[in-house]
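Asker:
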Amino acid sequence: MNMPPDSGNLLAGLNEKQLEAVTLPHQSALILAGAGSGKTRVLTTRIAWLIQTGQVSPQGLLAVTFTNKAAKEMLTRLSAMLPINTRGMWVGTFHGLCNRLLRAHYREAGLPATFQILDSADQLSSIKRLMKVMNVDDEKFPPKQVMGYINSCKEEGLRAHSVEAYDSHSQRMREIFEEYDKQCQREGVADFAELLLRCYELLGREASIRQHYQSRFKYILVDEFQDTNRLQYLWLKLLAGQGNNKEHNCIFAVGDDDQSIYAFRGARVGNMRDFEEDFNVQSIVKLEQNYRSHSNILDAANAIITHNRNRLGKNLWTSAGKGEPIRVYQAYNDIDEANFIVDEIKMLHAEGVDLNQIAMLYRSNAQSRVLEHALFTAGLPYRVYGGLRFFERAEIKHALAYLRLIANPEDDTALLRVINFPTRGIGARSLEQLQEAARQQSCSLWQAAINKVGDGRPGKGIEGFVALIKQMQEESIGLTLPEMAELASNLSGLRQYYLGEKEGEDRIANLDELVNAAVAFMNQDIGMQVDENGETQSLLTQFLSHASLEAGEHQADAGRDALQLMTVHSAKGLEFKTVFISGLEEGLFPHEQSMYEASGLEEERRLMYVAVTRARQRLYLSHAQSRMLHGQVRYGIPSRFLDEIPEELLKRLNATASPSRMAQADAYQNHTPAPSQKDALPWKIGQSVAHSKFGQGVVVSYEGNSNDLRVQVNFGREGLKWLALEYAKLEKI
DNA sequence: CTTACGTGAGTTTTT
DNA sequence: CTCACGTAAG
5 MNMPPDSGNL LAGLNEKQLE AVTLPHQSAL ILAGAGSGKT RVLTTRIAWL
55 IQTGQVSPQG LLAVTFTNKA AKEMLTRLSA MLPINTRGMW VGTFHGLCNR
105 LLRAHYREAG LPATFQILDS ADQLSSIKRL MKVMNVDDEK FPPKQVMGYI
155 NSCKEEGLRA HSVEAYDSHS QRMREIFEEY DKQCQREGVA DFAELLLRCY
205 ELLGREASIR QHYQSRFKYI LVDEFQDTNR LQYLWLKLLA GQGNNKEHNC
255 IFAVGDDDQS IYAFRGARVG NMRDFEEDFN VQSIVKLEQN YRSHSNILDA
305 ANAIITHNRN RLGKNLWTSA GKGEPIRVYQ AYNDIDEANF IVDEIKMLHA
355 EGVDLNQIAM LYRSNAQSRV LEHALFTAGL PYRVYGGLRF FERAEIKHAL
405 AYLRLIANPE DDTALLRVIN FPTRGIGARS LEQLQEAARQ QSCSLWQAAI
455 NKVGDGRPGK GIEGFVALIK QMQEESIGLT LPEMAELASN LSGLRQYYLG
505 EKEGEDRIAN LDELVNAAVA FMNQDIGMQV DENGETQSLL TQFLSHASLE
555 AGEHQADAGR DALQLMTVHS AKGLEFKTVF ISGLEEGLFP HEQSMYEASG
605 LEEERRLMYV AVTRARQRLY LSHAQSRMLH GQVRYGIPSR FLDEIPEELL
655 KRLNATASPS RMAQADAYQN HTPAPSQKDA LPWKIGQSVA HSKFGQGVVV
705 SYEGNSNDLR VQVNFGREGL KWLALEYAKL EKI
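In this text, residue positions in the first sequence follow my numbering: the first is 5, and each later residue adds one.
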């Protein structure tokens, strides 16, 4: 068993470029991995190869991803390739790895051993609470905006004291930021961005810790590099030992600038170019052979993305044939579009295509409604991505809050969540008194409660709550994790409460599921209890971190044969036999809030590129001449992205609209009749027009009378224009 | 404390 | 239009 497997075996089946990437010598490298080019395979094979050829031990490398799913997949594939125990390897998300590091060095990081992780919802409520204390006007400072500000500062690597603020508004923002961090520190909690920033600061400050990890992780591998933000890049640089004039560790970065679709949340594609420079990258390996799609689809994707200026440059190709033409359907309205898609799906399904191999992609979540309605009417099973996740459900968060209080009662966020849930007669005024007391004594709410009622007596009110938490803490000693989960649900009265609720059965089922999740967690992670210092971490704390960092499946029954409905963003990384991209209209896709700025438009185009490259065999693109949006009928012109695809790749299907479908669409249209006066005017809404300067457009609205009529025309890329008919040369087409 | 009503906003999302 | 949120009333 000491014989290493034959490395040729490992490398078998790789193409030339993949092989080059996998077997690169010890130097930093940038792998430009196109969609469907075997990116994950290259990444995992690289790890396996490094280990197998003895260049590094499993403990000597670190691989980082953005999602838990990607990390899990990497580990799964890795253990299939190598006879090693992947447990204990440093493969995980940025947040997961930082959490691990902070747990190992919590003292040096200035955190309590049991520090809890705030998810976005926790963070927001924490900010709201703080703003109340600070007497901040939440009209001038919307909490969500404050949260965005704090997070983006942290993601730039900045603390409040180093943020620039010249006007009073931003100075106040900075002040809230500073107080918020103090509050978190007091309560022993860390938000997501804090995990990264705290870890970065720890490594920067503590030379011995930094050197320990620098000498340990000779190889660092990064997935989806184009999605890294500034802080993540700084963290990587520090960990690699880059910048202190010595030889640094090498980073193997895999990414695709053409699939960078997260600039809006701080991702910096520019990190790719910086990386080339900072790490003296000798050559970029481009993986351009695509194993997913037929060439018509790839040609369309290539044609679209060529319209972007800022690219590293890459062209996908395939040895598969042309395949089917890309089908384009111009719908009368959104209902017609949905019905068309449903008809096509019925046909495909009848031909034997599995429903879960068909995806319906859209730019924004609101578009799913019409599609769902049509699917529901047709009796087709579907599942929509993007709902609440398991650990985000209210009843689960309640139960977790009790668990958090067992681990650390100073956690004000957790305390406030459940101090009166289920209700135990603690109203707004007793809460206010408690918060006032805590403020005066500058202590946690829990401490204030103790000071007020002593050890608490069973019964009602704050006394009862204090007694309850103490009882939980005592009874949980020696219990296993699942038993604790059960204790939290039962002793708190949560289960009892939901028993009395009309629709409480699902919630109770979820509470049971939490116990199951605890069992699964115990079985799975039992080997990870010992941290770097050899200290045993509380399993409870680990479980709570897990709950925050990995919110669980997006929805249940993932295995069922059902159509897949999701935004283009959530489709990234997935592939389907057949893909429908709907709503291809100017203003929707590209979205109007992004289309007037070059960088925004380019990101929209990359989004379209991602959408198109999801399809293996068949791709449908559709747009509607009118659509219900925000309760109003809107008229749109076809997306420019459609124009960017060479006509010879397309097959236009408009003529095949079935009479029954049109009837349904018409019925809908009649519900919103236009005023008859408007119909009498020569320029109807929805009329296609041509303008000498602006090109083609659609009349969207108008004002004035027949003598002095002004029409608003949507010219797509030229935007919305008001035109006085008296002067503008407009022609109907 | 719950329920009803009014108001306003309305891309994309992982951790 | 539709949902989420906040306030006012019961």
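Positions of the beta carbon are idealized from the N, C-alpha and C atoms, including for glycine. Keep in mind it's a predicted model, so treat the numbers as computed, not measured.
1. Within 10 angstroms of its Cβ, does L642 collect 16 or more other Cβ (buried), or is it exposed?
2. Leaving out five residues before and five after D712 in sequence, what residues of the same chain have Cβ atoms less than 6 angstroms from its Cβ?
3. Can you grab the Cα-Cα spacing for the pair A52 / L567, in whole Å?
4. Can you tell me whether DSSP reads I301 as helix, strand or coil?
5. Contact defined as beta carbons within less than 8 angstroms: I believe R656 pairs with R296. What is the distance between those atoms, to the nearest angstrom?
6. Using CA coordinates, which residue listed in I423, E159, I131 is at the minimum distance from E198?
7. Identify, in the order they occur along the chain, each residue of the same chain with its Cβ nearer than 7 angstroms to the Cβ of N514, setting aside the five sequence neighbours on each side.
8. So is N89 buried or exposed if we call it buried at 16+ other beta carbons inside 10 Å?
9. Between M151, W321, D171, which has its C-alpha nearest F181's C-alpha?
10. If you pair each beta-carbon of the region 226-234 with each one of the region 65-78, do three or more pairs fall below 8 angstroms?
11. Are the region 413-421 and the region 116-129 touching by the rule of at least three beta carbon pairs closer than 8 angstroms?
12. Looking only at DSSP bridge pairs, what is D195 linked to?
13. Where does D712 fall in DSSP's three states?
14. Considering only residues of the same chain and omitting the five flanking positions on each side of V519, which have a CB-CB separation below 7 angstroms?
15. If you drop the 5 nearest sequence neighbours on each side, which residues of the same chain put their C-beta closer than 8 angstroms to that of Y613?
16. Taking C-beta to C-beta, are K581 and Q361 nearer than 9 angstroms?
17. Return the CA-CA distance between T48 and M78, expressed in angstroms with no decimal places.
18. Tell whether a beta-carbon distance below 9 angstroms holds between N4 and A271.
19. Tell me the rounded alpha-carbon separation between H634 and Y153.
20. May I have the straight-line CA-CA distance separating A84 from R45, to the nearest angstrom?
21. Starting from V422, follow the beta strand (DSSP E) in both directions and report where the run begins and ends.
22. Let me know if P146 comes out buried or exposed under the rule of 16 or more other beta-carbons within 10 Å of its beta-carbon.
23. Is it the case that the Cβ atoms of A492 and L404 are separated by a distance below 9 angstroms?
24. Going residue by residue through the region 364-413, where are the continuous beta strand (DSSP E) segments of at least 3 residues, counting only ones entirely within it?
25. Give the single residue among L495, M138, L235 whose Cα lies nearest to the Cα of L407.
26. P679 to V703, Cα distance in whole Å?
27. Can at least three beta-carbon pairs, one atom from the region 364-377 and one from the region 646-654, be found at a separation below 8 angstroms?
28. Which same chain residues end up closer than 8 angstroms to G192 when comparing Cβ atoms and leaving out the 5 residues on each side of it in sequence?
29. Answer with buried or exposed for P594, where buried requires no fewer than 16 other C-beta atoms within 10 angstroms of its C-beta.
30. Using 8 angstroms as the threshold, is the region 369-381 in touch with the region 344-353, meaning 3 or more CB pairs across them?
31. Would you list the residues sitting across from G114 in a DSSP beta bridge?
Answerer: By the coordinates alone:
1. The sequence given here places Pro at residue 642; Leu does not occur at that position. Buried is the call here.
2. A caution first: D712 carries a pLDDT of 49, below 50, which makes its placement in the model unreliable, though a value can still be read off. Closer than 6 angstroms at the Cβ level, and outside the excluded window around D712, lies no residue.
3. 36 angstroms
4. helix
5. Going by Cβ atoms, the distance from R656 to R296 rounds to 25 angstroms, so no, they are not a contact pair.
6. E159
7. R397, E399, I400
8. exposed
9. M151
10. yes
11. yes
12. L122
13. Unreliable positioning characterises D712 in this predicted model, as indicated by a pLDDT of 49, which lies under 50. The coordinate reading is nonetheless provided below. In the structure shown, D712 sits in coil (DSSP, three-state: anything other than H, G, I, E or B).
14. P486, A489, E490
15. A39, D262, Q263, A305, I308, I309
16. yes
17. 6 angstroms
18. Missing from the structure shown is residue 4; the chain here goes from 5 to 737 and no further.
19. 28 angstroms
20. 12 angstroms
21. Not the beta strand (DSSP E): V422 falls in the alpha helix (DSSP H), residues 416-422.
22. exposed
23. yes
24. 386-388
25. L495
26. Residue confidence is low: P679 scores 38 on pLDDT, short of 50, so the model does not pin down where it sits. Its coordinate-derived value is still stated next. If I take the Cα positions, the gap works out to 16 angstroms.
27. no
28. L115, P116, T118, F119, Q120, N412, E414, D415
29. buried
30. yes
31. Answer is none; G114 lacks a bridge partner.
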